[in-house]
Amino acid sequence: MVLNLDQYLNEELGETSVKVKKILDEVIPQKKPDILYEASRHLIIAGGKMLRPYVVIKSCEAVGGDEDTALP
Numbered sequence: 076m077v078l079n080l081d082q083y084l085n086e087e088l089g090e091t092s093v094k095v096k097k098i099l100d101e102v103i104p105q106k107k108p109d110i111l112y113e114a115s116r117h118l119i120i121a122g123g124k125m126l127r128p129y130v131v132i133k134s135c136e137a138v139g140g141d142e143d144t145a146l147p
């Protein structure tokens, strides 16, 4: 099997993105005005911002930790 680094990272970051977005949905409630909260969420989850949560999760796993304790 040939490992394509770009494909691997995109898949890994995609999985992290889904997890982080789920957490944000729980932590940041949708309120009025919608446009204000949508803009705020966009700033948090815009492209490139999933690398830090990914590194946190993988660092936690590297030292024997559980992913569920790495993220709220």
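Residue numbers (my numbering): 76 to 147.
Where is the CB? At the ideal position from N, CA and C, for every residue including glycine.
Using 10 angstroms around the beta-carbon of residue i, count the other beta-carbons present and answer buried if the total reaches 16, otherwise exposed.
| i | result |
| --- | --- |
| Val138 | exposed |
| Val130 | exposed |
| Ile103 | exposed |
| Ile132 | buried |
| Thr91 | buried |
Beta carbon of residue i, beta carbon of residue j: below 8 Å?
| i | j | result |
| --- | --- | --- |
| Leu207 | Arg116 | Only positions 76 to 147 of the chain appear in this structure, which leaves residue 207 out of reach. |
| Lys94 | Leu146 | yes |
When the Cα of residue i is compared with those of the options, which residue comes out closest?
| i | options | result |
| --- | --- | --- |
| Pro128 | Leu80, Asp81, Gln82, Lys96 | Lys96 |
| Leu84 | Leu126, Lys107, Thr144 | Leu126 |
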